[in-house]
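Numbering-wise (full-length UniProt numbering), the sequence shown opens with residue 1 and increments by one.
Quick reminder that beta carbons are idealized off the backbone N, C-alpha and C, glycines included.
Quick caveat: nothing in here was measured; it's all calculated off a predicted structure.
Notes follow the structure.
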Amino acid sequence: MNDEDDDDYWETVGPKNRTAITRTQSFIPSQLSATFGGQLRSVVKARGNKASATIQPYLLLHLNISPEHVWTIEDALHLFSAPETLEGYRASAAGKAEVVSASKSVKILEPSDMMILHLMRFSYGCQGSTKLHKPVHFSFELVLGRELLVSPSTEIRRYELVATITHHGRDPSKGHYTADTRHSSGKWLRCDDASVAAIPRSKVLHDQAYILFYKRL
Numbered sequence: 001m002n003d004e005d006d007d008d009y010w011e012t013v014g015p016k017n018r019t020a021i022t023r024t025q026s027f028i029p030s031q032l033s034a035t036f037g038g039q040l041r042s043v044v045k046a047r048g049n050k051a052s053a054t055i056q057p058y059l060l061l062h063l064n065i066s067p068e069h070v071w072t073i074e075d076a077l078h079l080f081s082a083p084e085t086l087e088g089y090r091a092s093a094a095g096k097a098e099v100v101s102a103s104k105s106v107k108i109l110e111p112s113d114m115m116i117l118h119l120m121r122f123s124y125g126c127q128g129s130t131k132l133h134k135p136v137h138f139s140f141e142l143v144l145g146r147e148l149l150v151s152p153s154t155e156i157r158r159y160e161l162v163a164t165i166t167h168h169g170r171d172p173s174k175g176h177y178t179a180d181t182r183h184s185s186g187k188w189l190r191c192d193d194a195s196v197a198a199i200p201r202s203k204v205l206h207d208q209a210y211i212l213f214y215k216r217l
């Protein structure tokens with residue numbers, strides 16, 4: 001990613017001729033960013049202030065799966081793009097700085113060719129680390145609907161599952177990882193340390209995955 005001093009700022013016009021002060025960050029071009037990189041656009045709206053937008057690159061999407069209503073990847077993506085209330089947000093209103101009501105929303109501006117979804121199963125705090133064993137369901141096909149994309153006129157984006165990573169163990173600091181990956185022949189392989197064995201498709205779609213890899217169709 002480029003240094004912050006290299007970021008660009010400009011005023012953009014969005015839907016219904018609404019303007020926003022936009023800041024852009026970018027990757028240093030590489031084969032990695034060309035394959036896994038995309039762009040997100042986050043918008044902060046504060047009472048009495050012009051909206052501010054930040055365009056920033058991503059290599060993977062971090063998905064919060066802890067809320068009770070999140071049981072599928074689609075639920076987690078919907079939560080990812082849902083408006084979030086910002087508590088204690090300070091901005092200039094009526095000529096003076098004060099705490100104002102504000103919200104933030106994030107949408108995908110440029111989807112990556114290879115979409116990596118990180119399910120946030122691990123948490124770290126003053127009491128130590130914990131792992132969330134909650135089941136989260138996913139499928140072989142992923143559809144990015146228009147509600148996830150910046151432009152409502154953009155066509156939906158379809159992806160196919162090509163790999164998963166799973167952590168085995170009750171504690172983040174223990175256990176081990178396995179990976180399921182799709183071979184060019186269409187068969188699925190499970191990589192478990194030095195062991196590589198074919199597995200049926202039905203075993204790929206378990207509900208404890210940690211990281212999912214989807215390739216754009």
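Reference residue i; option with closest CA among the options
i, options, result
"residue 57", "107, 99, 142 and 195", "107"
"residue 68", "133, 169 and 172", "133"
"residue 128", "105, 110, 137 and 173", "173"
"residue 168", "162, 179 and 160", "179"
"residue 91", "80, 207, 29 and 49", "49"
"residue 70", "135, 203 and 104", "135"
"residue 242", "141, 81 and 131", "Because the chain in this structure spans residues 1 to 217, residue 242 falls outside the shown range and cannot be described."
"residue 165", "190, 35, 198 and 197", "190"
"residue 201", "161, 177, 83 and 51", "161"
"residue 223", "35, 198 and 83", "This structure gives no information on residue 223, because the portion of the chain shown stretches from 1 to 217."
"residue 195", "87, 203 and 177", "177"
Cβ shell of residue i (< 7 Å), same chain only, five flanking positions each side left out
i, result
"residue 89", "46, 99, 100 and 102"
"residue 146", "152, 154 and 156"
"residue 126", "none"
"residue 109", "39, 40, 41, 55 and 150"
"residue 80", "61, 63 and 106"
"residue 85", "103"
"residue 175", "167, 168 and 169"
"residue 122", "129, 131 and 172"
Residues near residue i by beta carbon distance below 8 Å, same chain, minus five either side
i, result
"residue 37", "27, 57, 58, 59 and 112"
Neighbourhood of residue i by C-beta, 6 Å cutoff - its chain only, sequence neighbours within 5 removed
i, result
"residue 158", "143 and 217"
"residue 54", "23 and 42"
"residue 137", "72 and 207"
"residue 124", "none"
"residue 140", "161"
"residue 204", "180 and 188"
Status (buried if at least 16 other CB within 10 Å, exposed otherwise) for residue i
i, result
"residue 193", "exposed"
"residue 213", "buried"
"residue 163", "buried"
"residue 210", "buried"
"residue 32", "exposed"
"residue 170", "exposed"
"residue 44", "buried"
- [ ] Take every Cβ of the region 22–30, pair it with every Cβ of the region 72–91, and state whether three or more of those distances are shorter than 8 Å.
- [x] Contact fails: fewer than three Cβ-Cβ distances are below 8 Å.
- [ ] Please confirm if the region 181–189 is in contact with the region 114–128, defined as three or more CB-CB distances below 8 Å between the two stretches.
- [x] No, the region 181–189 does not touch the region 114–128.
Open item on the list: Threshold first: 3 residues or longer. Then list the beta strand (DSSP E) segments lying entirely within the region 133–200, N to C.
Closed with: Within the region 133–200, the complete beta strand (DSSP E) segments at least 3 residues long are 141–144, 157–168, 176–182, 188–192 and 195–199, listed from N- to C-terminus.
Task: Start-end ranges of the alpha helix (DSSP H) lying completely within the region 22–83, minimum 4 residues - done: Segments of the alpha helix (DSSP H) lying fully in the region 22–83: 31–36 and 73–81.
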